[in-house]
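In the working numbering, the protein residues as written are 210 to 343.
Right, dumping it as structure tokens:
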């Protein structure tokens with residue numbers, strides 16, 4: 210008995226087509242769509258990011274474990290930066306919004322306690338170029 214098999218249509222490229230190692234990072238955010246948009250410019254062909262409600266999910270597929278680790282490390286650093294920038298932008302916008310006199314008095318009283326970013330709060334990472342897996 211013979212089977213007539215039609216040639217398979219070429220599948221659209223997905224992160225897992227040519228890769229053996231995959232990981233998905235799911236994180237919750239107050240503004241997931243904005244975080245995902247901020248990550249877009251740094252996304253490579255091996256990454257797919259999607260938004261589901263308040264969750265940003267990024268699936269990474271790479272042929273080597275080292276490549277997967279490097280890509281995930283870069284993604285997590287970019288994720289943290291995007292989230293902090295959005296938080297700072299919101300705080301700044303909130304300070305610039307119209308206020309009542311009572312709110313202005315509270316702001317004046319707090320003028321000496323400005324927000325500062327302490328690099329000790331940030332994860333210590335080394336920015337490295339990822340070597341080609343091919």
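Note that the Cβ used here is the ideal one computed from N, Cα and C, for glycine as well.
Computed from a prediction, not measured in an experiment: that's the story for all the values here.
Alpha-carbon spacing of residue i relative to residue j, whole angstroms
i	j	result
residue 277	residue 232	8 Å
residue 324	residue 297	With a pLDDT of 49 at residue 324, under the threshold of 50, the predicted position of this residue should be treated as unreliable, though the coordinate-derived value follows. Cα-Cα distance, rounded: 9 Å.
residue 269	residue 275	12 Å
residue 288	residue 302	21 Å
residue 292	residue 281	16 Å
residue 304	residue 273	47 Å
residue 237	residue 260	10 Å
residue 327	residue 255	Low per-residue confidence applies at residue 327: pLDDT is 48, beneath 50, and the placement is therefore not dependable enough to give any value.
residue 285	residue 306	32 Å
residue 249	residue 300	23 Å
residue 252	residue 279	13 Å
residue 239	residue 283	22 Å
Sub-8 Å separation of residue i and residue j beta-carbons
i	j	result
residue 247	residue 262	no
residue 265	residue 244	yes
For residue j and residue i, believed in contact at Cβ under 8 Å, the rounded distance
i	j	result
residue 230	residue 271	6 Å
residue 294	residue 267	So it is not a contact: roughly 17 Å between Cβ atoms.
Bridge partners - residue i, DSSP secondary structure assignment
i	result
residue 266	235 and 259
residue 271	230
heavy atom of the ligand SAM below 7 Å from residue i C-beta
i	result
residue 260	Absence of the ligand SAM is noted for the structure shown, with no ligands found whatsoever.
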